[in-house]
Structure formats: C-alpha cells, structure tokens
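Right, one structure below, let's go through it.
2 protein chains.
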Amino acid sequence: MANRGFCLWLTGLPSAGKTTIARELAPLLRERGWNVELLDGDEIRQGLSSDLGFGRKARETHAARVTYVAKVLARNDVIPIVALISPYASSRARARQDIGRFVEIYISTPLDVCEQRDVKGLYKKARAGEIKEMTGVNDPYEPPTTPEIRVDTVRLAPRDSARYILKELDRLGWPTHR
Amino acid sequence: MANRGFCLWLTGLPSAGKTTIARELAPLLRERGWNVELLDGDEIRQGLSSDLGFGRKARETHAARVTYVAKVLARNDVIPIVALISPYASSRARARQDIGRFVEIYISTPLDVCEQRDVKGLYKKARAGEIKEMTGVNDPYEPPTTPEIRVDTVRLAPRDSARYILKELDRLGWPTHR
Numbered sequence: 004m005a006n007r008g009f010c011l012w013l014t015g016l017p018s019a020g021k022t023t024i025a026r027e028l029a030p031l032l033r034e035r036g037w038n039v040e041l042l043d044g045d046e047i048r049q050g051l052s053s054d055l056g057f058g059r060k061a062r063e064t065h066a067a068r069v070t071y072v073a074k075v076l077a078r079n080d081v082i083p084i085v086a087l088i089s090p091y092a093s094s095r096a097r098a099r100q101d102i103g104r105f106v107e108i109y110i111s112t113p114l115d116v117c118e119q120r121d122v123k124g125l126y127k128k129a130r131a132g133e134i135k136e137m138t139g140v141n142d143p144y145e146p147p148t149t150p151e152i153r154v155d156t157v158r159l160a161p162r163d164s165a166r167y168i169l170k171e172l173d174r175l176g177w178p179t180h181r
Numbered sequence: 004m005a006n007r008g009f010c011l012w013l014t015g016l017p018s019a020g021k022t023t024i025a026r027e028l029a030p031l032l033r034e035r036g037w038n039v040e041l042l043d044g045d046e047i048r049q050g051l052s053s054d055l056g057f058g059r060k061a062r063e064t065h066a067a068r069v070t071y072v073a074k075v076l077a078r079n080d081v082i083p084i085v086a087l088i089s090p091y092a093s094s095r096a097r098a099r100q101d102i103g104r105f106v107e108i109y110i111s112t113p114l115d116v117c118e119q120r121d122v123k124g125l126y127k128k129a130r131a132g133e134i135k136e137m138t139g140v141n142d143p144y145e146p147p148t149t150p151e152i153r154v155d156t157v158r159l160a161p162r163d164s165a166r167y168i169l170k171e172l173d174r175l176g177w178p179t180h181r
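Top line first, the protein sequences correspond to chains A and B.
Read in order, the letters of the first sequence are residues 4 to 181 in the working numbering.
Read in order, the letters of the second sequence are residues 4 to 181 in the working numbering.
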C-alpha cells in the first residue's frame with residue numbers, strides 16, 4: 004500500500020494562485036515517480052459540468068463530481084491535484100470523507116492581493132456588476148479552519164510555494180517518493 | 004510507454020452481461036500487474052450523472068462524462084473497463100477519438116436472450132408500459148459494425164468470455180501484462 008495515491012486539494016479565492024502552484028507541484032511529484040493528474044476547476048467543467056452554473060447547489064454538484072474523479076484516481080495509485088475554489092466547507096468535508104487519503108491545502112492569498120492580480124479580469128467585471136456569483140465579491144468563501152497546509156503566496160513565489168508544499172507533505176508523513 | 008493504460012469499452016443491450024463479464028475480466032488484468040477501474044454505467048451515474056435521465060441527449064452526456072473519466076485513468080497507466088449500454092454509435096466514436104487507446108468490445112447477446120435473463124426486471128416493466136426509453140424495447144440500440152472484439156455469451160459463460168477477451172487482446176497486440 005506504500006504507493007497508494009492521495010489527493011492534494013487546493014482551495015482558495017479566484018486568482019489566489021491555485022492552478023499556478025498546482026502546475027509547479029505536478030512535475031516535482033512526477034520526478035519522484037508518481038503519476039499525477041491536475042484536476043483544474045475550469046478545465047474539468049468542460050468535461051464534466053458544462054451544464055452547471057455558479058450558484059451554491061451547482062458549485063456543490065461540481066465539487067462532488069471532481070471528488071468522484073479524484074477518488075477513482077487516488078485508489079489507482081495516482082496523485083490527483085485538485086485546483087478548485089471550492090468555497091464551501093461542506094463540499095471540502097465531503098471530499099475528505101469520500102476520498103479518505105486527503106490533504107487540504109489552503110492557498111490563503113488575501114482578497115485585495117487576488118483582486119490586484121485578477122488573472123482573468125473577473126474581479127473587475129464583478130465590481131462593474133457584469134458578473135454575479137463571483138466568489139469573494141458577491142458570493143461567499145468559507146476559509147478552511149484546519150487545513151493540513153497553508154500557503155502564503157504573498158511571501159512565496161509559485162515555485163517556492165510548490166517546494167514548501169512538498170516539504171510539508173514530507174513532514175506530515177505522506178509518501179512524496181513512490 | 005509500454006505500461007500506458009488503455010480503455011476496454013463494453014457495449015451491449017441491458018442484461019447482455021457487460022457488468023458480469025467486466026467483473027470477471029478485472030481480476031485477470033490485476034493478476035498481470037495492472038491497476039484496473041470498473042466504470043459501471045449504473046454506479047457511475049450516482050457519482051457523475053444523478054441529474055440525467057435516459058433520453059438520447061442525456062445518454063450522450065453521460066457517455067461523454069464516462070469518456071472523460073476513462074481518458075484520465077488511461078493516461079495515468081490504469082485500465083478503465085467501461086460497462087455501459089452506450090446505444091449510440093456516435094457516443095462510442097467520440098469515446099474512441101477522445102481516449103485514443105480504445106478497444107470496443109461488443110457483448111452481442113441477442114435481445115430475446117437478454118429479455119429472458121432480465122437481471123433487473125426492466126424488460127418486464129418496459130413491456131408492461133411502466134418504463135419508457137428502455138433500450139431494445141422502445142429505445143434504439145445501434146450495434147457496433149466493426150468492434151475490435153465480439154463476445155458471444157450464448158456460447159460462452161462469463162468467465163470464459165473474460166478469458167476470450169484476454170486472448171483477443173493478446174492477439175491484437177495490447178499489453179495485457181504490465
């Protein structure tokens with residue numbers, strides 16, 4: 004069972020850096036012998052949830068589908084890295100319970116920094132009233148209270164954030180080498 | 004690339020024997036070193052498609068989601084075995100194209116035999132008018148014209164069907180040993 008997969012679940016506000024850090028983290032784990040699948044919230048919507056919007060129920064359904072895929076991967080010796088806003092604590096708790104081998108990683112970038120970055124221009128649109136249900140602006144984000152790992156992207160660049168996660172996984176006893 | 008996964012896609016009428024054969028086949032491939040995930044149409048509906056019915060569009064959407072999961076597994080060195088009626092040739096063609104490493108296996112049990120077996124009692128209900136959109140009764144099934152493998156369950160018991168599939172995979176050059 005030493006090479007059983009486990010799920011790395013990155014949660015945080017839009018533009019917090021989830022996808023960027025996941026992309027830095029994936030090759031580091033591949034170098035250590037793992038198969039890694041990046042489950043990016045935006046990309047996976049196309050494959051699984053093109054029918055869904057961004058209301059609470061839709062987000063929960065989407066998170067449940069991502070959870071299903073991550074679970075199936077993890078039990079087949081793959082490390083799924085989920086990069087998903089996943090604003091509701093209940094969705095993340097369900098993912099933890101369903102998947103079992105689960106590491107919650109909070110990309111804790113503050114709202115004002117995310118809004119300055121605004122990678123996809125969504126904050127601007129939300130402030131202008133062009134988008135509803137924008138997490139952090141007019142839709143809630145429930146920060147994790149006890150994540151296994153918390154990443155401060157104000158202090159750490161993406162590559163350093165990925166290295167920090169790897170170090171923390173080692174410290175917590177997860178097998179980062181396969 | 005010798006241990007890259009590939010998808011075994013079992014199509015056929017309800018009660019043709021898809022799931023039963025898939026359950027016989029999975030341990031044979033595991034013995035040979037593979038990680039194998041059984042993607043059963045009924046089970047996966049709960050995880051991914053509880054919102055969907057059984058009309059043409061819903062079946063196509065469901066098949067597309069199963070395809071996505073199978074693709075992600077196969078590219079991470081897992082063999083997904085899909086057991087799904089998948090009545091439309093277009094859905095199966097899309098799965099083939101998306102997944103790439105794809106083996107279409109037609110469980111060719113004739114309708115009258117499936118209806119005699121009627122594992123879930125669905126044919127009876129459909130004949131009584133209690134179920135609409137029952138494949139083979141009042142919903143179409145488009146048989147594969149050129150499947151890689153065709154299984155005759157009238158002649159072969161489930162275990163022998165699984166062994167036959169394995170033999171055919173070997174003959175076709177798929178790596179059944181990892």
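Glycine included, every Cβ here is placed at the ideal spot set by N, Cα and C.
Neighbourhood of residue i by C-beta distance below 8 Å, restricted to the same chain and skipping five residues each side
| i | result |
| --- | --- |
| E171/A | E151 and I152 |
| V72/A | L42, I47, L51 and P83 |
| R59/B | Y91 |
| L169/B | L28, L31, L32 and T179 |
Assigned secondary structure, residue i (DSSP; H/G/I helix, E/B strand, else coil)
| i | result |
| --- | --- |
| D142/A | strand |
| M4/B | The predicted model places M4/B with a pLDDT of 45, which falls under 50 and marks its position as unreliable; any figure quoted below should be read in that light. Coil at M4/B, not helix or strand. |
| I110/A | strand |
| T14/A | strand |
| A19/B | coil |
| P30/B | helix |
| A86/B | strand |
| E133/B | coil |
| V122/A | coil |
| E40/B | strand |
| V157/B | coil |
| S164/B | helix |
Under 9 Å by beta carbon: chain A residues contacting residue i
| i | result |
| --- | --- |
| L3/B | No answer is possible for residue 3/B: it lies beyond the span of chain B, which begins at 4 and ends at 181. |
Per-residue contacts from residue i into chain B (C-beta, under 9 Å)
| i | result |
| --- | --- |
| V81/A | N38, V75, L76, N79, D80 and V81 |
| G103/A | The premise fails here: G103/A is roughly 15 Å from chain B at the closest Cβ pair, so nothing lies under 9 Å. |
| R97/A | Correct list: empty, because the minimum Cβ distance to chain B is about 12 Å. |
Residue i: contacting residues in chain A (beta-carbon distance under 7 Å)
| i | result |
| --- | --- |
| V72/B | V72 and V75 |
| R7/B | Result: empty, since nearest Cβ-Cβ is about 10 Å, beyond 7 Å. |
CB of residue i within 8 Å of CB of residue j, strictly
| i | j | result |
| --- | --- | --- |
| A86/B | A25/B | yes |
| I102/B | T138/B | no |
| L32/A | T179/A | yes |
| G15/A | S164/A | no |
| G1/A | A77/A | Because chain A is modelled from 4 through 181, residue 1/A falls outside the range shown and cannot be assessed. |
| E34/A | R162/A | no |
| Y109/B | V39/B | no |
| W12/B | E107/B | yes |
| T2/A | A29/A | Within the shown structure, residues of chain A are numbered from 4 to 181, placing residue 2/A beyond reach of any answer. |
| P147/A | P90/A | no |
| V116/A | N79/B | no |
Contacts around residue i, its chain only, beta-carbon distance under 7 Å, and the 5 residues preceding and following it disregarded
| i | result |
| --- | --- |
| L159/A | Y167 |
| D121/B | S18 and K127 |
| A5/A | The predicted position of A5/A is uncertain, since its pLDDT is 48 and thus under 50; a value taken from the coordinates is nonetheless stated next. Excluding sequence neighbours, A5/A sits near P178. |
6 Å CB neighbourhood of residue i in its chain, flanking five on each side removed
| i | result |
| --- | --- |
| S94/A | E63 and A66 |
| A129/A | M137 and V140 |
| A61/A | L55 |
CB contact below 8 Å: residue i versus chain C
| i | result |
| --- | --- |
| R68/B | In summary, chain C is missing from the structure at hand, where the protein chains are A and B. |
Residues of the segment 48–60 of chain B whose Cβ lies closer than 8 Å to any Cβ of chain A, in chain order: G50, L51 and D54
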